[in-house]
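Count along the sequence shown from 1, then add 150; that gives the number in my numbering. Notes follow once the structure below has been shown.
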Amino acid sequence: MSSIWVYPGQGAQKVNMLHDLPEHRLVQHYLERASVALQRDVLTLDQPDELRSTEAVQLCLYLAGYISSAILLNEQVQPDYVAGLSIGAWTAAAVAGVYSFEQGLKLVSLRGKLMQDAYPSGYGMTAIINADKSQVSQWVAEVYQQMGDVYVANLNAANQIVISGSELAMQQVIEIAKSQGAIAKKLNVSVPSHCELLDAQAQQLVQAMAHIDLNPAKFKYLSGTSARLIHKAEQIKEDLIFNMCRTIDWESTVQASWERGVRLHIEVLPGSVLTGLARKNFKEGNILSFQGTRLDSLICAMHKESA
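Here you go:
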């Protein structure tokens with residue numbers, strides 16, 4: 151049996167998320183390295199005003215995920231698989247050694263800036279709950295024909311579909327969804343991720359990463375967009391670059407890990423959203439989140455799974 155470590159995307163951020171990292175020598179070590187690499191005090195990034203910035207949010211998620219993984223790896227345990235939702239994939243790749251901690255920081259910073267500069271206001275994402283993909287796709291298509299700028303973005307679970315686009319167009323979809331008995335929840339994301347509105351920004355990342363040599367992943371890398379196992383460094387690069395403008399299929403990614411024999415699912419910091427999404431597939435497995443679980447319990451679960 152195998153284990154997977156999963157990395158959340160935007161929406162999982164919270165104020166003081168870096169200040170609230172565990173008391174561990176590696177926390178200060180990596181925060182200091184990050185501050186040097188970015189030439190700014192990263193402990194300012196998790197404050198309310200900063201977290202209005204897509205760049206700050208993505209950097210915080212990267213740091214929290216990478217550092218909590220480093221704490222686990224320091225205990226001589228490691229995952230068989232890694233996977234991340236949206237920006238989480240960039241953290242997963244860094245933990246798998248595809249690029250260095252500092253390289254990842256700078257790339258995540260660039261990614262966040264490109265996204266926020268393209269859509270500083272008037273756009274975002276909304277989760278539609280208690281409706282399936284076919285229903286939401288139909289509602290989105292109806293509104294798109296009239297207004298454009300709205301897309302199906304994330305397939306998080308069978309009954310949780312996320313849409314992306316302009317606030318005005320999303321509001322029309324929300325009204326249709328509510329009239330059909332569905333629930334709509336605006337996400338704490340200020341850009342229209344996982345749709346063609348970010349095609350141009352992905353192309354800018356292609357240029358920025360053209361001369362960066364990446365390493366093969368030392369842990370098996372599952373794509374959060376295609377739910378496929380990707381081995382080659384160049385293929386992982388392509389997957390990372392374009393995940394901002396491609397639909398996320400997290401439901402299939404979790405299912406793919408189960409079908410490959412994964413029975414221990416650990417969500418690293420921050421949050422536990424992915425833990426909740428995994429429960430349907432992992433009825434007979436073990437689902438844990440770094441948040442709210444003692445470190446020794448996580449280590450024990452990892453040792454049991456590898457025994």
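Glycine residues also receive a C-beta, built at the ideal position from the N, C-alpha and C atoms.
Look at D230 and S316 and say whether their C-beta atoms are less than 7 Å apart. no
Could you compute how far the alpha carbon of N280 sits from the alpha carbon of I380? 32 Å
request  = State yes or no: is the C-beta of Q351 within less than 7 Å of the C-beta of M265?
outcome  = yes
* Asked: Given that a residue counts as buried once 16 or more other Cβ atoms are within 10 Å of its Cβ, and exposed if not, what is G159?
  -> buried
**Item:** Cut-off 6 Å between Cβ atoms - residues of its own chain near I416, not counting five sequence neighbours on either side
**Value:** W155 and L438
Does the distance from the C-beta atom of V177 to that of L171 stay below 7 Å? yes
Exercise for review: State whether the region 266-273 contacts the region 338-347, with contact taken as three or more CB pairs (one from each stretch) at a distance under 8 Å.
Suggested key: yes
Contacting residues, own chain, Cβ-Cβ under 6 Å from S287 (five flanking each side not counted) | V302
Q. What is the residue span of the beta strand (DSSP E) that T397 lies within?
A. Segment: none, T397 is in no beta strand (DSSP E) and carries neither H nor E.
Top-ranked residue by Cα proximity to V258, from E434, R396, Q208 and V186
Q208
Checklist entry - Mind checking whether A319 and A327 have CB atoms under 7 Å apart? => result no
>> Quick check on the DSSP output: the alpha helix (DSSP H) that includes I237 runs from which residue to which?
In response: I237 to V245
request  = Taking only the alpha-carbon atoms, compute the straight-line gap between G426 and Q357 and give it to the nearest angstrom.
outcome  = 37 Å
**Message:** Using a 10 Å radius around the Cβ and a threshold of 16 neighbouring Cβ atoms, would you call K370 buried or exposed?
**Reply:** buried
Quick one: Cα of S218 to Cα of S329, how far?
-> 42 Å
Measuring from the CB of P366, is there a heavy atom of the ligand SAH at a distance below 6 Å?
Only the bare structure without any ligand can be found here, which leaves the ligand SAH out of the picture.
Open item on the list: Using 8 Å for Cβ pairs, my map puts L348 next to M394. What's the rounded Cβ distance?
Closed with: 5 Å
Check your understanding: What number of angstroms, rounded off, separates the C-alpha of L305 from the C-alpha of G374?
Key -> 10 Å
Review point. DSSP beta-bridge partners for I217?
Key: Paired residues: none, contrary to the question.
message = Which residue marks the beginning of the beta strand (DSSP E) containing Q414, and which one marks its end?
response = With the sequence shown as reference, residue 414 is identified as Leu, and Gln is not the correct amino acid for it. Counting along the chain, the beta strand (DSSP E) containing L414 begins and ends at V412 to E417.
| field | Cβ contact check for the region 357-366 and the region 396-406: 3 or more pairs under 8 Å | value | no
Quiz item: Straight-line CA distance for A220 to A360?
Solution: 28 Å
* To do: Check A150 in the structure and name its three-state DSSP category.
  => As shown, the chain starts at 151 and ends at 457. That puts residue 150 outside it, with no answer to give.
**Prompt:** Which partner residues of K370 appear in the DSSP bridge assignment?
**Reply:** Y231
Item to complete: Return the residue from the list Q310, S236, R378 and K454 that minimises the CA-CA distance to L390.
Response: S236
Q. Which class does S259 belong to by DSSP, given the choice of helix, strand or coil?
A. helix
Would R410 and G435 be called neighbours here (beta carbons separated by less than 7 Å)? no
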